[in-house]
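Numbering (the working numbering), first residue to last: 1 to 107.
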């Protein structure tokens, strides 16, 4: 009985830990803050976003939410999108996001 209780307590933690981690960089969603302009992404999308065997649904939903709400805003430094920004925006579109939500990042 005791062994069953320990396993029941440990198993959910192990499963959650496995789901929360993923390979590569993490999209900077600016802490879900209400922003008036976007920061440039410092890394390109990694396997947690692009590899179907390692894809992290929560990470992709974070990306989708951010660009749906902020993708038409200018970059805070007044500069155009860089190559990494465009890769994230292309990922957004490839995941089903409408291109008209990310015009700033696709330029």
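Backbone N, C-alpha and C define an ideal beta-carbon position, used for all residues, glycine too.
Using the DSSP secondary-structure output, state which residues sit across from residue i in a beta bridge.
i: residue 38; result: 75
Checking 7 Å against the spacing of the C-beta atoms, do residue i and residue j come in under that value?
i: residue 37; j: residue 73; result: yes
Taking residue i and residue j to be in contact with their CB atoms under 8 Å, please state how far apart those CB atoms are, rounded to whole angstroms.
i: residue 67; j: residue 92; result: 5 Å
i: residue 81; j: residue 99; result: About 13 Å separates the two Cβ atoms, so there is no contact after all.
i: residue 26; j: residue 59; result: 7 Å
i: residue 47; j: residue 24; result: 5 Å
What did DSSP end up calling residue i once you bin it into helix, strand or coil?
i: residue 86; result: helix
i: residue 52; result: coil
i: residue 93; result: helix
i: residue 29; result: coil
i: residue 43; result: coil
i: residue 98; result: coil
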